[in-house]
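The opening residue of the sequence shown carries number 0 in numbering that gives the first Met the number 0; numbering runs sequentially from there. The structure under discussion appears below in the form of structure tokens.
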Amino acid sequence: MNRIEEKFKELKSKNKKALITFITAGDPDLGTTVELVEEMERRGADIVELGVPYSDPVAEGPVIQKANCRALKNNIRIKDIMDTVRKIRERVSVPLVYLLYFNCILQYGPERFFSDCRESGVDGVIIPDLPYEEQAEIDGVAEGFDISIITLVAPTSKERADKISKKARGFLYCVSSLGVTGVRSEFKTDFEEFFKYINNASEIPKAIGFGISTPEQVQALKGYCDGLIVGSAIVKKVEESSSPSDAVKNVGDFVEVLRNAIDA
């Protein structure tokens, strides 16, 4: 049982939902990334996703695309992010998850990548451009290092939901709506129907992501799932901040608001 599974087990025993937060590693710089993760844990985040900057992030909306561009201007490489995670792990106990694109793993080398994830303190990976049917290519390597490959299931995945859910490790990432990531004012998904067939397929914890940006949305959706994922709205706080220290404060304040909404 790795840190992700332990966290959901702990939260379930307390009848609480997980707050899963996302930032782009290296935005605005790697030193601030360490401070942001530490502050998010302190203010109530249960799991933190770190986006690995990539030049063609096909699943991301404009907010995270711009964060990728800002980070890449710092010439950040995956090795640098691994080193940063080592520093983060000295300060925090929350599970850490990479969100990255499959080509990044191929370029780094799958064996070396998952070995370094294990050694640095990463607990899981989300690979949005890797179809479930092609996941077997790296499943064995990831499992060998106890790294959870967190799979995504969308409202349109009915025919495949059973297989995807049963294969999932860590938690099942339930995509709230079609399209790319980004702040949304409303959701058109029938969550009752969506979670009826997902829950029938697997008992693994489920978290809703893509577009959740306000405490009101958190409160409206928390009844369906075991966790809520907030990404673009947090990255936007970083973008709008006047300095790194301002970013840490603004993100921390926002995470605390979201935590209070989940626990209300």
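For each residue, glycine too, the CB sits at the ideal point set by N, CA and C. Treat the numbers as computed from the prediction; the structure is a model and nothing was measured.
Please classify N199 as buried or exposed, where buried requires at least 16 other C-beta atoms within 10 Å of its C-beta.
By 1-based counting over the sequence shown, the position of residue 199 is 200. Exposed, because fewer than 16 other Cβ atoms sit within 10 Å of the Cβ of N199.
With distances taken from CA atoms, which of S156, I203, S240 and S114 is nearest I149?
Residue numbering aside, residue 149 sits at position 150 when the sequence shown is read from its first letter. The shortest Cα separation from I149 among S156, I203, S240 and S114 belongs to I203.
Residue from P130, P94, P127 and A24 with nearest C-alpha to K78
By 1-based counting over the sequence shown, the position of residue 78 is 79. Taking only the C-alpha atoms, the option nearest K78 is A24.
Could you name the residues that DSSP lists as bridge partners for F21?
Position 22 of the sequence shown, counted from the start, is the residue given in the question as residue 21. Looking at the DSSP assignment, F21 forms a beta bridge with E48.
Leaving out five residues on either side along the sequence, give the residues of the same chain with a beta carbon under 8 Å from the beta carbon of A263.
In the sequence shown, counting from the first residue as 1, residue 263 sits at position 264. These residues qualify, in order along the chain: Q218.
List the residues that DSSP assigns as beta-bridge partners of G226.
Taking the sequence shown and counting its residues from 1, the one referred to as residue 226 is at position 227. Beta-bridge pairing links G226 to A17 and A206.
Contact set for I211: own chain, Cβ-Cβ below 6 Å, skip 5 residues either direction:
On the sequence shown, position 212 is the one that residue 211 refers to. Taken in chain order, the residues that qualify are L227 and V229.
Leaving out five residues before and five after R85 in sequence, what residues of the same chain have Cβ atoms less than 7 Å from its Cβ?
For the purposes of this step, residue 85 is taken as the residue at position 86 of the sequence shown. Sequence-distant Cβ neighbours of R85 in its own chain, meaning closer than 7 Å and more than five residues away, are S119 and G120.
On the CB-based measure, 16 or more other CB atoms within 10 Å of its CB, does P27 come out buried or exposed?
In the sequence shown, the residue the question calls residue 27 occupies position 28. Its Cβ being crowded by 16 or more others within 10 Å, P27 is buried.
Return yes when the Cβ of V124 is within less than 8 Å of the Cβ of L99, no when it is not.
Taking the sequence shown and counting its residues from 1, the one referred to as residue 99 is at position 100. Taking the sequence shown and counting its residues from 1, the one referred to as residue 124 is at position 125. A Cβ-Cβ contact shorter than 8 Å links L99 with V124.
Going by DSSP, which residues form a beta bridge with S147?
As a first step, residue 147 must be located in the sequence shown, where it is residue number 148. S147 pairs with G123.
On the criterion of 16 or more Cβ atoms from any shown chain inside 10 Å, does L105 qualify as buried, or is it exposed?
As a position in the sequence shown, residue 105 is number 106, starting the count at 1. Per the 10 Å Cβ criterion, exposed.
Proximity of V237 and I22 at Cβ, strictly below 8 Å
Here the question's residue 237 lines up with position 238 in the sequence shown. Here the question's residue 22 lines up with position 23 in the sequence shown. Yes, Cβ-Cβ distance for V237 and I22 is below 8 Å.
What does a CB cutoff of less than 7 Å around F140 pick up in its chain, not counting 5 residues either side in sequence?
Here the question's residue 140 lines up with position 141 in the sequence shown. Sequence check: residue 140 is Val here, not Phe. Cβ within range, chain order: P109, E110 and F113.
How close, in whole Å, do the beta carbons of Y223 and F190 come, if the pair is a contact with beta carbons under 8 Å?
Counting from 1 along the sequence shown, the entry for residue 223 is found at position 224. Counting from 1 along the sequence shown, the entry for residue 190 is found at position 191. Right, the Cβ-Cβ distance comes to about 5 Å (below 8 Å), so this counts as a contact.
Could you pull out every residue in the same chain whose Cβ sits closer than 6 Å to the Cβ of K235, ignoring the five residues on either side in sequence?
Counting from 1 along the sequence shown, the entry for residue 235 is found at position 236. Cβ neighbours of K235 beyond the five flanking positions: V62.
Given that a residue counts as buried once 16 or more other Cβ atoms are within 10 Å of its Cβ, and exposed if not, what is K264?
Missing from the structure shown is residue 264; the chain here goes from 0 to 263 and no further.
Which same chain residues, not among the five before or five after C116, have their C-beta less than 6 Å away from its C-beta?
Walking along the sequence shown from the start, residue 116 turns up at place 117. So the list reads I146, once near-sequence residues are dropped.
With contact counted as at least three CB pairs below 8 Å, one residue from each stretch, are the segment 49-56 and the segment 9-19 in contact?
no
Alpha helix (DSSP H) containing Y107: first to last residue?
Position 108 of the sequence shown, counting from 1, holds the residue named residue 107. That run of the alpha helix (DSSP H) goes F101 to Y107.
Just how far apart, CA to CA, sit R41 and L35?
Residue numbering aside, residue 41 sits at position 42 when the sequence shown is read from its first letter. Residue numbering aside, residue 35 sits at position 36 when the sequence shown is read from its first letter. Computed Cα separation, rounded: 10 Å.
Closer than 6 Å by C-beta to L151: which residues in its own chain qualify, once you throw out the five before and the five after it? Chain order, please.
Taking the sequence shown and counting its residues from 1, one reaches residue 151 at position 152. For L151, where only same-chain residues beyond five positions count, the Cβ hits under 6 Å are Y172 and V174.
Which residues share a DSSP beta bridge with Y97?
Here the question's residue 97 lines up with position 98 in the sequence shown. L49 and V124, per the DSSP bridge assignment.
To the nearest angstrom, how far is it from the Cα of V179 to the Cα of I126?
The residue you call residue 179 lines up with position 180 of the sequence shown. The residue you call residue 126 lines up with position 127 of the sequence shown. With a pLDDT of 43 at V179, under the threshold of 50, the predicted position of this residue should be treated as unreliable, though the coordinate-derived value follows. Cα to Cα, V179 sits roughly 14 Å from I126.
Give me whichever residues DSSP pairs with Y131 in a beta bridge.
Position 132 of the sequence shown, counting from 1, holds the residue named residue 131. None, per the DSSP bridge assignment.
Buried or exposed for R258, please, with buried defined as at least 16 other CB atoms from any protein chain shown within 10 angstroms of its CB.
Locating residue 258 in the sequence shown gives position 259, counting from the first residue. Classification for R258: buried.
Put V254 into one of helix, strand or coil per three-state DSSP.
Locating residue 254 in the sequence shown gives position 255, where the first residue counts as 1. It is helical.
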